[in-house]
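For reference, the structure is listed below as structure tokens.
Numbering (this note's numbering), first residue to last: 9 to 63.
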């Protein structure tokens, strides 16, 4: 599966915007105000993985 250059650029821009919104954290996972972002990294859930059917 190949991705077009236009789609690749769109994904790159979207990823950069998402990274800027992530809360900054220290190596221990505590908030780092100097790193920017908003919120507490311990409460950030991000993208949720799709549910997997357990059979």
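Idealized CB from N, CA, C, for every residue including glycine. Source: prediction; values computed, not measured.
A Cβ-Cβ distance of about 12 Å is found for the pair residue 32 and residue 50, leaving them out of contact under the 8 Å criterion.
Taking the CA atoms as reference points, residue 14 sits about 16 Å from residue 24. Under the three-state reduction of DSSP output, residue 31 falls in the coil class, being neither helix nor strand.
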